[in-house]
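There are 2 protein chains.
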Amino acid sequence: MDEIKHKKLLIVDDEDELRQMVEKILRKEGFTRIFQAATCAEAIHICQTVKPDLTILDVMLPDGDGFSLLSTIRQTSDMPVLFLTARGEDEDRVLGLGLGADDYIVKPFLPREFVLRLMAILRRVYLPPQPKKYPVFQLGERTVDLESGTVRHGGNEWPLTAKELALLAKLYDQRNRIVTSDALCQAAWGDDYYGLENTLMVHIRRIREKIEDNPSHPHYLLTVRGLGYKLMVKEEE
Amino acid sequence: MDEIKHKKLLIVDDEDELRQMVEKILRKEGFTRIFQAATCAEAIHICQTVKPDLTILDVMLPDGDGFSLLSTIRQTSDMPVLFLTARGEDEDRVLGLGLGADDYIVKPFLPREFVLRLMAILRRVYLPPQPKKYPVFQLGERTVDLESGTVRHGGNEWPLTAKELALLAKLYDQRNRIVTSDALCQAAWGDDYYGLENTLMVHIRRIREKIEDNPSHPHYLLTVRGLGYKLMVKEEE
DNA sequence: CACTGATTTAAGGTTGGCGTAAGGTTTTCT
DNA sequence: AGAAAACCTTACGCCAACCTTAAATCAGTG
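Top to bottom, those sequences are chains A and B.
Counting in this note's numbering, the final residue of the first sequence is number 512, and the numbers go up one at a time with none missing.
Counting in this note's numbering, the final residue of the second sequence is number 512, and the numbers go up one at a time with none missing.
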């Protein structure tokens with residue numbers, strides 16, 4: 276699925292405890308290929324052998340500093356580098372970014388923030404932006420992103436399944452119009468499908484659970500009894 | 276009918292394995308007419324003979340590159356083209372899209388994503404959104420939208436039911452003319468209906484409650500005693 | 001091959017659109 | 001004027017269409 280999670284990550288830091296903590300955070304997040312180094316020498320060795328896809332680099336190291344290590348790395352690779360720096364060392368960050376680091380994060384950090392920044396880098400580098408086929412649109416408070424297949428609301432984010440996506444895409448194509456149940460079935464299953472008509476209802480229900488405040492009293496995905504459904508979208512300029 | 280699945284697809288790639296994999300994915304998805312080419316020469320030949328509806332094109336080919344092939348194709352056809360490109364070749368994508376490619380996908384790709392994008396292109400090109408059959412029209416203060424099945428007035432919005440829609444659509448088709456009760460019944464119930472003639476009146480009443488200021492003294496949906504009804508619509512330029 | 005999540009099936013509950021009916025009003029005809 | 005015909009209005013009950021939930025099945029993955 277998420278190929279980002281299969282990227283090779285290298286953690287370079289002299290504190291055992293911190294390395295372990297970072298590794299634990301990352302494993303929990305789903306990353307599987309994590310390497311550690313405590314010194315510059317070790318780090319260079321690992322870079323040459325396993326060729327990590329991203330390096331997390333502490334500024335302070337026993338046998339040199341992170342910046343010179345970065346320079347060394349940069350001679351042979353343009354892999355992204357995320358700096359770890361102690362609080363208040365503002366110059367460090369400027370210097371690091373100037374040398375070609377991709378981001379920095381201040382210790383102590385929140386695991387969630389750390390992961391988010393790291394993922395952002397990986398995505399930026401390894402999943403270049405792609406042309407959008409479907410726009411992002413609002414349903415009241417909620418943001419529906421058909422391209423990425425998610426519904427966001429507040430801090431939360433619900434993924435949409437394949438069928439939900441197919442149905443919502445069809446409904447969005449015909450937004451503010453009545454879409455017959457037949458048309459919806461066709462969009463999701465093709466013309467040669469003979470399942471129960473109930474199946475569609477169940478999927479509609481699931482979609483409503485993600486896009487409606489109260490799925491039983493929908494405001495956006497409405498039933499048109501005897502005909503089908505309609506998705507009411509307010510278009511703004 | 277899902278016409279999309281009967282479109283002719285051409286896969287151009289020099290790696291046998293990848294071609295086979297793509298074909299397998301597409302067949303599983305329900306596509307039946309899939310052609311393969313390993314070289315530019317082959318591809319051009321197939322384009323001329325079978326005239327595919329969409330081409331999946333690798334950027335790197337043994338006897339030329341995908342871009343020049345695209346140019347050649349574009350001289351005689353505007354069929355949609357989906358590029359395959361290796362990771363990180365950002366310029367490729369820009370160049371490809373600039374030359375008239377419809378989308379690109381980075382190898383290695385997820386089967387699901389690949390199919391979704393391909394379907395998106397086919398839908399966009401071969402199933403253009405149908406034009407509105409019914410315009411939105413005004414009845415005094417009220418706005419009637421037969422496509423979405425609603426009547427708006429001020430901030431409020433009343434939904435129309437299936438029967439109401441059928442009748443209003445018929446009345447609108449024959450707007451400013453008399454429509455016989457028979458014709459209306461036929462539009463709403465088909466030829467073989469033997470209910471009370473009162474039923475039609477009840478539905479007319481319900482429509483009036485949604486489109487008239489005073490349903491008992493209609494201004495727009497008028498009774499023509501002995502014949503039927505007529506919908507008076509002022510057409511504006 | 002067991003596990004996970006997505007999808008379909010199944011079964012029972014709910015409801016809103018629709019048709020019916022009954023009484024009222026307006027128009028037309030004699 | 002009185003009667004008949006055409007149409008209006010209101011209310012009520014039914015049942016197909018729809019909803020809801022849970023359990024079974026399927027499909028992909030390590």
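Beta carbons: idealized from backbone N, C-alpha and C, even for Gly.
* Asked: Among residues of its own chain, excluding the 5 on either side of D488 (chain B), which ones have a beta-carbon nearer than 8 Å to its beta-carbon?
  -> These residues qualify, in order along the chain: G415, E416, H494.
* Asked: Whole beta strand (DSSP E) runs in the region 313 to 392 of chain A with 3 or more residues, listed along the chain?
  -> For the region 313 to 392 of chain A, whole beta strand (DSSP E) runs of length 3 or above, ordered along the chain, are 329 to 333, 356 to 361, 378 to 382.
* To do: Determine which residues of the region 418 to 434 of chain B have a Cβ less than 7 Å from any Cβ of chain A, and write them out in chain order.
  => Of all residues in the region 418 to 434 of chain B, E422, S423, G424 have a Cβ within less than 7 Å of some Cβ in chain A.
* From B:L332, B:R481, B:T347, pick the residue whose C-alpha is nearest to that of L293 (chain B); which is it? -> If we check each option's Cα against that of L293 (chain B), B:L332 comes out closest.
* **Integer-rounded CB distance, given that S456 (chain A) should sit under 8 Å from L442 (chain A)** => Their Cβ separation, rounded to whole angstroms, is 11 Å, which puts L442 (chain A) and S456 (chain A) out of contact at 8 Å.
* Asked: Cβ of L357 (chain A) within 8 Å of Cβ of I380 (chain A)?
  -> Contact: yes.
* Which listed residue (B:A437, B:D466, B:T307, B:D291) has its alpha carbon closest to that of R481 (chain B) -> Distance check between R481 (chain B) and each of B:A437, B:D466, B:T307, B:D291 places B:A437 closest, using alpha-carbon atoms only.
* Comparing the C-beta of A462 (chain B) with each C-beta of chain A, is any distance below 8 Å? -> A462 (chain B) does not count as touching chain A.
* Terminal residues of the continuous beta strand (DSSP E) containing E439 (chain B)? -> E439 (chain B) -> not in any beta strand (DSSP E); alpha helix (DSSP H) instead, spanning 437 to 448.
* Asked: Excluding the five sequence neighbours on either side, which residues of its own chain have a C-beta within less than 7 Å of the C-beta of M507 (chain A), listed in chain order?
  -> Cβ neighbours of M507 (chain A) beyond the five flanking positions: N451, Y495, L497.
* Asked: From what residue to what residue does the beta strand (DSSP E) around H478 (chain A) run?
  -> First-last for H478 (chain A): 473 to 486, but that is the alpha helix (DSSP H), not the beta strand (DSSP E).
* Under the three-state reduction of DSSP, which class applies to D457 (chain B): helix, strand or coil? -> In the structure shown, D457 (chain B) sits in a helix (DSSP, three-state: H, G or I).
* **Residues of its chain near I309 (chain A), where Cβ-Cβ distance is below 6 Å and the 5 sequence neighbours each way are ignored** => Excluding five sequence positions before and after I309 (chain A), the CB atoms of its chain that fall closer than 6 Å to its own CB belong to L284, E298, L301, given in chain order.
* Asked: At a cut-off of 7 Å, is Y469 (chain A) close to the ligand GTP when judged by its beta-carbon and the heavy atoms of the ligand?
  -> Because no ligand of any kind appears in the structure shown, any question about the ligand GTP cannot be addressed here.
* To do: Give every residue of the same chain whose Cβ lies closer than 6 Å to the Cβ of V400 (chain B), excluding the five residues on either side of it in the sequence, and list them in chain order.
  => Closer than 6 Å at the Cβ level, and outside the excluded window around V400 (chain B), lie P355.
* Can you round the beta-carbon distance between Y409 (chain B) and L446 (chain B) to whole angstroms, since I take them to be within the 8 Å contact cut? -> The Cβ separation is near 12 Å, so there is no contact.
* Asked: In whole angstroms, what separates the C-alpha of R392 (chain B) from that of D289 (chain A)?
  -> When rounded, the distance between both Cα atoms is 46 Å.
* From which residue to which residue does the alpha helix (DSSP H) around E298 (chain B) run? -> 291 to 304 is the span of the alpha helix (DSSP H), which, as asked, contains E298 (chain B).
* When you compare each of B:Y469, B:A462, B:M394, B:I453 to A463 (chain A) by their alpha carbons, which one comes out closest? -> Nearest C-alpha to A463 (chain A): B:M394.
* To do: For T398 (chain B), name the three-state secondary structure that DSSP assigns.
  => The sequence as given places Arg at residue 398 (chain B); Thr does not occur at that position. It is helical.
* Asked: Is G429 (chain B) closer than 8 Å to L440 (chain B) when the C-beta atoms are compared?
  -> Not closer than 8 Å, so no.
* Asked: Does DSSP put E512 (chain A) in a helix, in a strand, or in coil?
  -> With a pLDDT of only 45 at E512 (chain A), under 50, the local geometry of the prediction cannot be trusted, and no value is derived from it.
* Are the C-beta of A312 (chain B) and some C-beta of chain A separated by less than 8 Å? -> Not an interface residue.
* Taking a cut of 9 Å between CB atoms, which residues from the region 474 to 507 of chain A lie near chain B? -> In summary, the residues of the region 474 to 507 of chain A whose CB is separated from some CB of chain B by less than 9 Å are L497, V499, R500, G501, L502, K505, M507, in the order they occur in the chain.
* To do: Could you tell me whether any Cβ in chain B is nearer than 8 Å to the Cβ of I453 (chain A)?
  => With 8 Å as the cut-off, I453 (chain A) counts as an interface residue toward chain B.
* To do: Could you list which residues in chain A have their beta carbon closer than 8 Å to that of A437 (chain B), in chain order?
  => Correct list: V499, R500, G501, L502.
* To do: Mind checking which residues open and close the beta strand (DSSP E) that includes E502 (chain B)?
  => First, the amino acid is wrong: residue 502 (chain B) is Leu here, not Glu. DSSP places L502 (chain B) in no beta strand (DSSP E); its state is neither H nor E.
* Asked: What is the DSSP secondary structure of H428 (chain A), reduced to helix, strand or coil?
  -> If DSSP states are grouped into helix, strand and coil, H428 (chain A) belongs with the strands.
* CA-to-CA distance, C460 (chain B) to N473 (chain B), given in whole angstroms -> Between N473 (chain B) and C460 (chain B), the C-alpha separation is close to 11 Å.
* Considering only residues of the same chain and omitting the five flanking positions on each side of A376 (chain A), which have a CB-CB separation below 8 Å? -> Once the five neighbours on either side are set aside, the close Cβ partners of A376 (chain A) are L332, L345, V356, L357, F358.
* To do: Determine whether the Cβ of G465 (chain A) lies closer than 8 Å to any Cβ atom of chain B.
  => Between G465 (chain A) and chain B, the shortest Cβ-Cβ separation is below 8 Å.
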